[in-house]
Amino acid sequence: DIEKGFGEISLVIMQIINNKKYQSILSRSTIRTMFSLLHSQYINNEGFLIFIQAAHNLGENVCIDFILHYQSLQELKNNLESALGLQQGQFPEPAIEEKILKLIILLIKCSGISSEQHLMYSVTQLVQRKDQKNIQPSVEYIVRLLLDVPCFEIEQVGESSSMQLKPAFQKYESLRRVYDSKIIEMAMQCGFYMPPEQWSLLLYGYTTNESIIDPIIDKLLTKTSFQTAIQQYKKIVLLSGAAQSQDLNDLMKHFQFLSNDNLAIDASGASVLTSTLDMLKRVVSILNKLKK
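Using this note's numbering, you'd call the opening residue of the sequence shown number 793 and step up by one each time.
Take a look at the structure:
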């Protein structure tokens, strides 16, 4: 029955939560979603819908965690650069990103920038004084990305023009937020998914900014996000030749079931409960084999 099913799910989740080695593969987002599932024990229709959504979210998070696990850090960066239309090695390091964004604000405020080409040239010259490597592609990419938002406006003064940041983007925090959002949006549109702490590491160099990234991802998730992630799972995980291939195949069946947009209509609570429990047991089985 439902109560017994929730009891079994609780036991499996506690087994995962209390094992630090498991948590080296499962993201903090996934662990938080497990707690959401535990707190969604439904006794009415509203509670049932919360439970369905929690099960859907958990399936999606687990799917993304395994996609990440079966890629090396270099493969991850290469896939991101491909999704963003960058050549290999062109995605800027966190310190360079911050420096470029802050220089954009400073130059526009103090130096009378007349055009995007003028801005790109000025930023490149200033950054390369201290960083000898060629950062021109990174500068051009960031400026064009901000132009697409759009963050800039051109003011015509007689025969000359002046490039300005729109009032909403004149502070570093607001410009940074829209930059992060655009990067994540472009990547997700190409089927590239990461949990907030991984995005934080990539964009800032540390994981503690996940609270900034989390609402950005939530806003960008669509009804097809989980299904797109499943396609990536097929491409990356199932073609990896992993020793756990049968478990990974079985796991995908649960992802496909839980990704149904009409799950609350098409499936009973008992079937969702069973699929979620089986998925979690399969996850534990895979994690145990990965430890060896």
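From the three backbone atoms N, C-alpha and C, an ideal C-beta is built for every residue, glycine too.
Exercise. Looking at Gly851 and Met1071, is the spacing between their C-beta atoms short of 8 Å?
Worked result: Indexing the sequence shown from 1 puts residue 1071 at position 279. Indexing the sequence shown from 1 puts residue 851 at position 59. Yes, the pair counts as a contact, with Cβ atoms nearer than the cut-off.
Exercise. In three-state terms, what does DSSP make of Ile905?
Worked result: For the purposes of this step, residue 905 is taken as residue 113 along the sequence shown, with counting starting at 1. Note: Ile905 maps to coil in three-state DSSP.
Exercise. Helix, strand or coil: how does DSSP classify Leu957 here?
Worked result: Indexing the sequence shown from 1 puts residue 957 at position 165. In the three-state reduction of the DSSP assignment, Leu957 falls in the strand class.
Exercise. Hey, Leu745 and Ser802: beta-carbon distance below 8 Å or not?
Worked result: The structure shown does not extend to residue 745, since the chain is modelled only from 793 to 1084, so the question has no answer here.
Exercise. According to DSSP, is Val949 helix, strand or coil?
Worked result: On the sequence shown, position 157 is the one that residue 949 refers to. Strand.
Exercise. In whole angstroms, what is the alpha-carbon distance linking Glu885 and Ser1037?
Worked result: Here residue 885 is taken as the residue at index 93 of the sequence shown, counted from 1. Here residue 1037 is taken as the residue at index 245 of the sequence shown, counted from 1. Distance between the alpha carbons of Glu885 and Ser1037: 35 Å.
Problem set entry | alpha helix (DSSP H) segments (min. 4 residues) lying fully within the region 966 to 1015 | Taken in chain order, the whole alpha helix (DSSP H) runs of length 4 or more contained in the region 966 to 1015 are 988 to 996, 1002 to 1012.
Exercise. For Tyr996, which residues from the same chain have a beta carbon less than 6 Å from its beta carbon, with the 5 sequence-adjacent residues on both sides left out?
Worked result: Residue mapping note: residue 996 aligns to position 204 of the sequence shown, counting from 1. Within the same chain, Tyr996 has close Cβ partners Pro886.
For this session: Consider the C-beta atom of Ile892 and the heavy atoms of the ligand FAD; say whether any pair is separated by less than 7 Å.
Result: Ligands are entirely absent from the displayed structure, and the ligand FAD is therefore not among its contents.
Exercise. Below 8 Å between beta carbons: does that hold for Val1029 and Ile817?
Worked result: Counting from 1 along the sequence shown, the entry for residue 1029 is found at position 237. Counting from 1 along the sequence shown, the entry for residue 817 is found at position 25. Pairing Val1029 with Ile817 gives a Cβ-Cβ distance that is not under 8 Å.
For this session: Following the continuous alpha helix (DSSP H) through Asp1042, name the residue where it begins and the one where it ends.
Result: Along the sequence shown, read from residue 1 onward, the residue named residue 1042 stands at position 250. For Asp1042, the enclosing alpha helix (DSSP H) stretches over residues 1037 to 1050.
Exercise. Would you call the region 906 to 913 and the region 853 to 870 touching, i.e. three or more CB-CB distances under 8 Å?
Worked result: They do not touch, by the three-pair rule.
Exercise. Among all the DSSP beta bridges, which residues are the ones paired with Phe944?
Worked result: On the sequence shown, residue 944 is found 152 positions in, with the first residue counted as 1. Bridge partners of Phe944: Leu957.
For this session: Go through its chain and collect everything with a Cβ distance to Cys943's Cβ below 7 Å, but skip five positions before and after it.
Result: Translated into positions along the sequence shown, residue 943 becomes position 151. A distance below 7 Å between beta-carbons, with the five flanking residues on each side excluded, links Cys943 to the following residues of its chain, in chain order: Leu957, Lys958, Phe961, Leu967, Val970.
Problem set entry | The alpha helix (DSSP H) enclosing Lys1027, as first and last residue numbers | Against the sequence shown, residue 1027 aligns to sequence position 235. Annotation: the continuous alpha helix (DSSP H) that includes Lys1027 extends over 1017 to 1028.
For this session: Let me know if Pro988 comes out buried or exposed under the rule of 16 or more other beta-carbons within 10 Å of its beta-carbon.
Result: The count along the sequence shown starts at 1 and reaches residue 988 at position 196. Buried is the call here.
Exercise. Pick from Leu868, Leu898, Thr1000: whose alpha carbon is nearest that of Gln1024?
Worked result: Residue 1024 sits at position 232 when you count from the first residue of the sequence shown. Checked all of Leu868, Leu898, Thr1000; the closest Cα to Gln1024 is Leu868.
Exercise. DSSP three-state call for Lys812: helix, strand or coil?
Worked result: On the sequence shown, position 20 is the one that residue 812 refers to. In this structure, DSSP gives Lys812 a helical state, which the three-state scheme calls helix.
Problem set entry | Pairwise C-alpha distance: Ser819 and His861 | Position 69 of the sequence shown, counted from the first residue, corresponds to residue 861. Position 27 of the sequence shown, counted from the first residue, corresponds to residue 819. In a straight line, the C-alpha of His861 is about 10 Å away from that of Ser819.
Problem set entry | Residues of its chain near Val1064, where Cβ-Cβ distance is below 7 Å and the 5 sequence neighbours each way are ignored | Mapped onto the sequence shown, residue 1064 falls at position 272. So the list reads Ile844, Ala847, Leu1055, once near-sequence residues are dropped.
Exercise. Skipping 5 residues on each side, what residues in its chain have a beta carbon closer than 8 Å to that of Asp940?
Worked result: Here the question's residue 940 lines up with position 148 in the sequence shown. Residues of the same chain with a CB within less than 8 Å of the CB of Asp940, apart from the 5 flanking positions on each side, are Lys974 in chain order.
Problem set entry | Tyr814 versus Leu865 - alpha carbon distance | As a position in the sequence shown, residue 814 is number 22, starting the count at 1. As a position in the sequence shown, residue 865 is number 73, starting the count at 1. Whole-angstrom Cα-Cα distance: 19 Å.
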